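Before any comments, here is the structure.
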Amino acid sequence: MQTYTVRSGDLIDSIARRFGTTREVLLELNPTLSGPYALHVGQTLRVDPSSVVPAVVEFTVGVDPTGQVTRRSEYRVAARREERGLYTALFPVEVSSWTWQATVVGDGDRVPAPGVITLAPAPEDPTALRVSIVDLSGAPADRAFHLRVSPR
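Numbering (the numbering used here), first residue to last: 1 to 152.
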């Protein structure tokens, strides 16, 4: 069994994402926890090693304009639409220092759609990336996109 030491700002859900598992699995492995706010800095949690994502992996994900994941690599990746033209992609490991590539896609999932896409690490979560899309006039735009994230 592997352990993880809780850091400032950690929640059960963010720890679960970091290790590619679920809140339910963490609660089962750590029966003294009662919910997402029962953590304190320095606390040691048990993590099932079989649920840990290997250190070197590449994530690929397709996301539709509503923020739904349409295609993904073998590891759990989630996405959500925050507001028009702004999405958050969530990974099971820290990706803030990795290499990111993104493409706006249009009809047929292969033809680039008009627009500009930018990526940045989410300041509050090193396992998340912010995806921002604008149309050619610079206005926020909901577009499907492909995202590839890999270690440097």
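All C-beta atoms in this analysis are idealised placements derived from N, C-alpha and C, irrespective of residue type, glycine included. The structure presented is a predicted model; accordingly, all values stated were derived computationally and were not measured.
Report yes if the C-beta distance between V104 and G115 is below 7 angstroms; otherwise report no. yes
Using the DSSP secondary-structure output, state which residues sit across from F145 in a beta bridge. According to DSSP, F145 bridges with V63 and V104.
Output yes or no for whether 7 angstroms exceeds the beta carbon distance between Q8 and V41. Reading off the sequence shown, one finds Ser at residue 8, where the question assumed Gln. Yes.
Which residues share a DSSP beta bridge with Y4? L45
Keeping to the same chain, check which residues put their C-beta closer than 6 angstroms to that of T70; ignore five residues upstream and five downstream. The answer, listed in chain order, is G62 and D64.
Identify, in the order they occur along the chain, each residue of the same chain with its Cβ nearer than 7 angstroms to the Cβ of E82, setting aside the five sequence neighbours on each side. Within the same chain, and ignoring the five residues on either side of E82 in sequence, the residues whose Cβ sits closer than 7 angstroms to its Cβ are T88.
Assign P92 to buried or exposed, taking buried as 16 or more other Cβ atoms, counted over all protein chains shown, within 10 Å of its Cβ. buried
Output the distance between the C-alpha atoms of P151 and W98, rounded to the nearest integer angstrom. Distance between the alpha carbons of P151 and W98 is about 5 angstroms.
Comparing alpha-carbon positions, which option in T5, D125 and L129 lies nearest L147? Just measuring C-alpha positions, the residue of T5, D125 and L129 sitting nearest L147 is L129.
Using 10 angstroms around the beta-carbon of A120, count the other beta-carbons present and answer buried if the total reaches 16, otherwise exposed. Per the 10 Å Cβ criterion, exposed.
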